[in-house]
Amino acid sequence: MEAEMDGHLGYEKSERSDNDDCRNGYKNKRVNSRYGTMEIEVPQNRKSTFEPQVVKKRQKDISDIDQKIISMYAKGMTTRQISEP
């Protein structure tokens, strides 16, 4: 989700920018997966315009995320390509 935030804001975490919208910490979110319940940190921005795609807002169940990753890998994508925004 950090890479998604980089793409949303137009600059990486450690870079300076003239953009008036900037990072504003993280929000803890509890999600369920086939491996149990876990807490993840979702990055936030000042204007609250960030819409994560990996784990969407109000999404509580991520049981199918591992199947999506395996599917992309099976189609020939490298692990680097899968992790890029």
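Mapping the sequence shown onto my numbering, position 4 (from 1) lands on 90, and the numbers just tick up by one.
C-beta: ideal position from N, C-alpha, C; glycine also.
TODO: Give the DSSP-derived three-state secondary structure of Ile-126 in the structure shown.
DONE: Here residue 126 refers to the residue found at position 40 of the sequence shown. Here Ile-126 sits in strand by DSSP.
Open item on the list: Helix, strand or coil for Gly-111? Go by DSSP, reduced to three states.
Closed with: Indexing the sequence shown from 1 puts residue 111 at position 25. Gly-111 falls in the strand class under three-state DSSP.
Task: Nearest to Cys-108 (by Cα), restricted to the options Arg-120, Thr-123, Val-128 and Lys-99 - done: In the sequence shown, the residue the question calls residue 108 occupies position 22. Ranking the options by Cα distance to Cys-108, first place goes to Lys-99.
- [ ] Output the distance between the C-alpha atoms of Asn-131 and Ser-103, rounded to the nearest integer angstrom.
- [x] Mapped onto the sequence shown, residue 131 falls at position 45. Mapped onto the sequence shown, residue 103 falls at position 17. For Asn-131 and Ser-103, the distance between alpha carbons rounds to 14 Å.
TODO: Report the residue from Lys-142, Thr-135 and Lys-133 whose alpha carbon sits nearest the alpha carbon of Ile-126.
DONE: Against the sequence shown, residue 126 aligns to sequence position 40. For Ile-126, the nearest C-alpha among the options comes from Lys-142.
- [ ] Identify every residue that forms a DSSP beta bridge with Asp-147.
- [x] Within the sequence shown, the letter at position 61 stands for residue 147. By DSSP's assignment, Asp-147 forms a beta bridge with Asn-118.
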